[in-house]
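Numbers 8 to 352, taken from our numbering, label the letters of the sequence shown in order.
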Amino acid sequence: MLARQAKPLLYALLLSLLIHFIILFGTTIELPDWAPPPRLTVELQAPPPKPAAPIATPKPPRPQPRKPAPPPALPIIATPEPTPEPVAATPPPTPPVSAPEPEPTPPPPPPNIAAQRAFPALIEVVYAVHRGDQGMRLGRTTHKWRIAKNQYLLTSTTEATGLISLFYSGRYIMTSQGELSADGLRPVSFWIQRGQSNDRTESAEFNWEEKTLDYGKGMERHNASLNPGTQDQLSVFYQLALTAPHSSGLRFALTTGRKLNQYTYQAAGEETLDTALGKLKTQRLSRVTGKVDSSESSDIWLAPDYHNLPVRFRLGTRDGEVLDHWIAELRVEGQRVGAQAEEAQ
């Protein structure tokens with residue numbers, strides 16, 4: 008209530024003061040000189056580049072207290088429940104423990120020569136026959152090899168050629184047949200024909216089941232025990248080829264149809280021969296007799312590049328001469344091979 012009454016009194020007092028101020032100083036009030044404000048020129052400029060913010064250096068992490076490594080976990084092994092064993096009324100006595108006897112080692116099987124080194128099914132070898140070492144040529148010998156279903160047939164035919172054929176018209180024929188075994192050739196029958204007379208025909212029959220050998224000519228027959236590896240006069244060349252190369256002495260029984268003897272051959276080293284097939288590297292085998300008599304001499308040269316076939320062989324005769332056989336031609340499966348075959352092409 009008092010505030011409302013004081014406001015009119017205050018306004019009246021202020022009004023009275025204003026009137027007294029006008030009366031004393033007048034109504035003229037001098038104002039200061041005015042001049043137009045200077046024109047402002049605005050020039051736009053690119054703002055100054057902002058200063059690069061300082062690169063904050065990361066504070067090193069505060070070291071954390073290392074926690075102790077947990078102990079390794081132990082594997083959990085399940086303990087199997089024990090299986091109850093049957094309770095025997097009377098336990099059996101424990102037998103004495105003895106060391107087991109070693110089992111006998113079976114002998115190794117013989118090498119299967121028939122499967123490893125069998126010749127081609129058809130081979131024909133022609134030899135030039137000379138008297139002595141590269142002496143006068145007397146004739147030729149042809150060997151033919153056939154094989155079918157593990158059965159072999161060997162034939163050898165020798166005949167005179169050139170001027171000698173005017174004096175000797177007959178042929179010298181040998182035949183050997185048998186089978187290929189794990190040890191090489193196993194002859195079954197052998198016969199040899201010297202000329203046309205039956206009196207000069209000799210043969211040998213091999214009975215491997217009864218291990219007997221029957222040989223001779225006509226009614227003059229002989230019977231002997233048949234030892235493993237026995238060969239005849241023709242099969243021996245190809246038996247040595249099938250079992251080549253040789254590093255030591257070879258000993259075996261051999262029949263000529265007329266007789267049966269033990270033969271020993273010794274490896275006599277390697278030689279290079281200049282043949283009709285070209286220069287051939289060979290292995291030489293020499294018969295060991297312990298005698299000076301040339302009628303029992305024998306040398307064979309086997310060529311590894313041609314199935315170890317005999318490319319030269321030298322034989323002594325009953326007359327004291329030496330017949331030297333040199334390979335002149337070779338056909339395998341009907342195809343001519345060697346240096347002469349290349350020249351023919």
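Virtual Cβ for every residue (Gly too), placed ideally from N, Cα, C. Remember, it's a predicted structure, so these values are computed and weren't measured experimentally.
- For I307, the closest alpha carbon among the candidates W198, Q158, L337 and G276 is that of G276.
- Rounded to the nearest whole angstrom, the CA to CA distance from D331 to F320 is 6 Å.
- L309 is positioned such that its CB atom lies closer than 9 Å to that of T289.
- Under the three-state reduction of DSSP output, S254 falls in the coil class, being neither helix nor strand.
- Only residues of its own chain outside the window of five on either side were considered, and among them L284 and L337 have a CB closer than 6 Å to the CB of G345, listed in chain order.
- Within its own chain, the residues whose Cβ lies closer than 8 Å to the Cβ of E303, once the five positions on either side in sequence are excluded, are R294, T296 and G323, listed in chain order.
- Taking a 10 Å sphere around the C-beta of P317, we find 16 or more other C-beta atoms and assign the residue as buried.
- Non-local C-beta neighbours of R201 in its own chain, meaning closer than 7 Å and more than five positions away in sequence, comprise Y179 and R207, ordered along the chain.
- Around the CB of H150, 16 or more other CB atoms lie within 10 Å, so the residue is classed as buried.
- Here E166 is near G146, since their CB atoms are less than 9 Å apart.
- The beta carbon of I154 lies closer than 6 Å to those of A128 in the same chain, with the five residues before and after it left out.
- Here N214 is exposed. Its C-beta has fewer than 16 other C-beta atoms within 10 Å.
- Rounded to the nearest angstrom, the gap between the Cα atoms of T162 and Q342 is 19 Å.
- Relative to V195, the option among Y222, K266, F259 and T279 whose CA is nearest is Y222.
- Between S210 and L220, the gap from beta carbon to beta carbon reaches 9 Å or more.
- Under the criterion of beta carbons closer than 8 Å, V329 and G139 qualify as touching, at roughly 6 Å.
- Excluding residues up to 5 positions away in sequence, F259 lie with their Cβ nearer than 6 Å to the Cβ of G236 in the same chain.
- Listed in chain order, the non-local C-beta contacts of A19 below 7 Å within the same chain number zero, local neighbours out to five positions each way being set aside.
- Here the C-alpha atom of I26 lies approximately 16 Å from the C-alpha atom of L16.
- Within the same chain, and ignoring the five residues on either side of N315 in sequence, the residues whose Cβ sits closer than 7 Å to its Cβ are A248, A251 and L309.
- Rounded to whole angstroms, the Cβ separation of W333 and Y245 is 18 Å, and the two are not in contact under 8 Å.
- Straight through space, the alpha carbons of S172 and V136 are spaced by roughly 13 Å.
- Distance from the CA of T271 to the CA of T282, rounded to the nearest whole angstrom, comes to 27 Å.
- A direct Cα-Cα distance of roughly 8 Å separates I199 from T263.
- Rounded to the nearest angstrom, the gap between the Cα atoms of F197 and S188 is 17 Å.
- G256 places its beta carbon less than 9 Å from that of Q273.
- Its Cα nearest to that of L287, the residue D312 stands out among L267, D312 and R265.
- Note: S210 is bridge-paired with W198 and G223 in the DSSP secondary-structure output.
- Between S305 and the set V243, R265 and T279, the nearest pair of CA atoms involves V243.
- Excluding the 5 residues flanking it on each side, Q240 has same chain C-beta neighbours closer than 6 Å at T263, in chain order.
- Y175 sits in coil when the DSSP states are folded into three classes, being neither helix nor strand.
- Cβ contact annotation for V133 (same chain, cutoff 7 Å, sequence separation greater than five): R147, T149, A335 and E336, in chain order.
- Taken through DSSP and simplified to helix, strand or coil, Q273 comes out as strand.
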